[in-house]
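Encoded as structure tokens, the structure appears first; notes follow it.
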Amino acid sequence: MAQSEQQQQQQQHHQPPAKPTQSSNPFNPQMTTSPISVSAPNPSWFSPKRLLVMLCTINMINYVDRGAIASNGVNGSIGICDDSGICSAGSGIQGDFKLSNFQDGVLSSAFMVGLLMASPIFASLAKSHNPFRLIGVGLSVWTFATAGCGSSIDFWTIAICRMLVGVGEASFISLAAPFIDDHAPAPQKTAWLAMFYMCIPTGIAVGYVYGGFVGDNYSWRYAFWGEAFCMLPFAVLAFAMNPLQLKGFAPAESRKFLEPNETTSPLIEGSDVSNINSCVIVSSDKASRSSPASKSLNQLSRFSKDMKELLRDKVYVVNILGYVSYNFVIGAYSYWGPKAGYSIYRMSNPDLLFGGITIVCGILGTLAGGLILDSVNATINNAFKLLSGATILGAIFCFSAFCVRSLYFFVVLFSMGELLVFATQAPVNYVSLRCVKPSLRPLSMAVSTVSIHIFGDVPSSPLAGILQDHVNNWRVTTLVVTSVLFFASGIWFIGIFISNSDKFNEDGKEEVSTVDRATKKPLFEENTVEGAQDSGEA
230 MAQSEQQQQQ QQHHQPPAKP TQSSNPFNPQ MTTSPISVSA PNPSWFSPKR
280 LLVMLCTINM INYVDRGAIA SNGVNGSIGI CDDSGICSAG SGIQGDFKLS
330 NFQDGVLSSA FMVGLLMASP IFASLAKSHN PFRLIGVGLS VWTFATAGCG
380 SSIDFWTIAI CRMLVGVGEA SFISLAAPFI DDHAPAPQKT AWLAMFYMCI
430 PTGIAVGYVY GGFVGDNYSW RYAFWGEAFC MLPFAVLAFA MNPLQLKGFA
480 PAESRKFLEP NETTSPLIEG SDVSNINSCV IVSSDKASRS SPASKSLNQL
530 SRFSKDMKEL LRDKVYVVNI LGYVSYNFVI GAYSYWGPKA GYSIYRMSNP
580 DLLFGGITIV CGILGTLAGG LILDSVNATI NNAFKLLSGA TILGAIFCFS
630 AFCVRSLYFF VVLFSMGELL VFATQAPVNY VSLRCVKPSL RPLSMAVSTV
680 SIHIFGDVPS SPLAGILQDH VNNWRVTTLV VTSVLFFASG IWFIGIFISN
730 SDKFNEDGKE EVSTVDRATK KPLFEENTVE GAQDSGEA
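Residue numbering for the sequence shown follows our numbering, starting at 230 and increasing by one per position.
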């Protein structure tokens, strides 16, 4: 009998751990000790394709707004008076508010202020808040700000609303791509990213048409109200549905589990943390009663640490330097292209020609870049090869286009160049997502967005204008600007030879963000707790 009882006890020790029960925590019988899961069940309606459609639609609406505010129907023109004293009424925003060209230019880029300031903030908050809920917050801000643009009464009110539009966009721009990266099928990840970024030129093109139609037939205010109406269901959905989880971040319920309420603290007073089932349970009074100032300092410290880790990543830095150089050229093309084309080739309708080439090549090139990278096996090394190769070929075609005298040869060569240049959109963002561990992806995308604007398209237009003022030759100016693409290709070529690894599976769970590392120490594993219970029963 004694031997049989001993064998039964040994078998019990070798049995798999029982499911957590209300009494499985030796410190608090009302608290479970189930392990922290890094993923939560998805909503019943959820499928990866539906997520892609949802995110692409949001991205499309966002860039429709960019195109609409630049359209003649919404932007309008200021009223003018001829020599005989007869004045014509202005139209659109500029006519209603009697804006100068400078004020009108400020409105077109005011969103950038909110976008650049809020992108790192949303990326940092993703460490302590559910990323899908943060997108909901951002879309809500975007919706109300866009509606505010339609209800504005003067320059300052619409300028402030445009800045808030940038704040709302910041949450989405930092977090959408990581969600696609998580849920896209493995053989089609870059193609899915390409479909997402294809919405940029498509949305701007639709925005031109939408803004012109609504502004000419109704009022420019209705254009903004229509955008807000279209975005509102997505903002509501982000709050109504069960939130999706990002790889590398613990679910919201896990965070609550990591921060017990006051009823559990007295039972284990004096202990710093307990680790049951390989998960860290915060149990100190200091952690549960930390002040807002302390939490802010912890978040700032964590953000600083993440930024250092990001900027020490050679692959990431090289990728962003190439992206900044690339965006420098694209920004100058978008602003000065029609004027330069008219001056060099005397085009009858340069806006339509440059706009048409950009839209068609932007859609086809972006999709082609993603599909090609997937077909040759999507890796960081292959992405750099595609980035370098497509950019140098695109630079050759674009450079040659501005050298020829014939308009027809220009259209053919420039179209080929734009097609190749836009093929970089999916690969460059693939590298930004895969060269960092999952928990750094939102910050990676935020820093990328901030960098390409601050150092890329924002300064490129005035610098190209200064160059044109000095040389007074648009052909020379466009050739100098285009030559920067060769520099971008060279930077990405360097990336091929840098040691790299795909870090998509590097970290599986989020660190406890509300407790300082110094307060953590490993304690009991589950089998240790079970052994203690067995010995107590004996």
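Don't be surprised by glycine CBs; every beta carbon is placed ideally from N, CA and C.
Check                                                                                                             : Outcome
Sequence-distant residues of the same chain with beta carbon closer than 8 Å to Glu456, five excluded per side    : Ile290, Val293, Asp294, Ala297 and Thr375
The alpha helix (DSSP H) enclosing Met768, as first and last residue numbers                                      : In the structure as shown, the chain begins at 230 and stops at 767. Residue 768 is therefore absent and cannot be evaluated.
Secondary structure of Ser728, DSSP reduced to three states                                                       : coil
Which listed residue (Asp731, Gly379, Ile287 and Arg391) has its alpha carbon closest to that of Leu466           : Ile287
Option nearest Gln323 by Cα separation, candidates Phe583, Val303, Leu422 and Leu526                              : Val303
Spatial neighbours of Ala399 in its chain, beta-carbon cut-off 6 Å, leaving aside the 5 residues before and after : Leu344, Ala347, Ser348 and Phe351
Residue of Asn359, Ala522, Tyr439 and Gly444 minimising C-alpha distance to Asn471                                : Asn359
Sufficient close CB pairs (3 or more, under 8 Å) joining the region 646 to 664 to the region 332 to 344           : no
Own chain, CB closer than 7 Å to Ser381, minus 5 neighbours either side, in chain order                           : Ile387 and Cys390
DSSP state of Ser644 mapped onto helix, strand, coil                                                              : helix
Meets three-Cβ-pair contact criterion under 8 Å: the region 659 to 675 and the region 408 to 428                  : yes
Cross-strand partners of Ser357 (DSSP beta bridge)                                                                : In DSSP, Ser357 forms no bridge with anything.
Rounded separation between Leu649 and Asn610 - CA only                                                            : 19 Å
Range covered by the alpha helix (DSSP H) that runs through Cys632                                                : Careful: Cys632 lies outside any alpha helix (DSSP H) and carries neither H nor E.
C-alpha distance - Gly594 paired with Leu328, whole-angstrom precision                                            : 37 Å
Cβ-Cβ distance between Leu281 and Met424 below 8 Å                                                                : yes
Whole-angstrom distance between Gly719 and Ser668, CA atom to CA atom                                             : 30 Å
Candidates Pro407, Ala339 and Ile433, of which the one nearest Phe361 by Cα                                       : Pro407
Residue of Lys543, Ile549, Ile402 and Thr372 minimising C-alpha distance to Pro462                                : Thr372
Contact the region 702 to 714 vs the region 555 to 574: 3+ CB pairs below 8 Å                                     : yes
For Ser712: DSSP bridge partner residues                                                                          : DSSP, once it has assigned bridges, lists no residue as partnering Ser712.
Short Cβ contact (8 Å threshold) for Leu404 with Ile364                                                           : yes
Simplified DSSP assignment, three categories, for Ser776                                                          : The chain is shown from 230 up to 767; residue 776 falls before or after that span and cannot be answered.
Burial state of Val605 (16 or more Cβ within 10 Å)                                                                : exposed
Identified DSSP bridge partners for Ser306                                                                        : Ser320
Selection from Val700, Ala452 and Leu354 that minimises the alpha carbon distance to Ser530                       : Leu354
Close beta carbons around Met427, own chain, < 7 Å, minus the five adjacent residues each side                    : Ile592, Thr595 and Leu596
Assigned secondary structure, Tyr564 (DSSP; H/G/I helix, E/B strand, else coil)                                   : helix
Selection from Ser617, Cys627, Gly367 and Asp686 that minimises the alpha carbon distance to Phe468               : Gly367
Check whether Ala569 and Trp454 have beta carbons under 8 Å apart                                                 : no
Assigned secondary structure, Gln697 (DSSP; H/G/I helix, E/B strand, else coil)                                   : helix
Straight-line gap, Val435 to Leu526 (C-alpha atoms, nearest Å)                                                    : 44 Å
Residue closest to Glu735, alpha-carbon to alpha-carbon, out of Lys476, Phe275 and Gly440                         : Lys476
Residue burial classification, Lys356 (beta-carbon count within 10 angstroms, cutoff 16)                          : buried
Phe458 (DSSP reduced to helix, strand or coil)                                                                    : helix
First through last residue of the alpha helix (DSSP H) which encompasses Glu398                                   : Phe384 to His412
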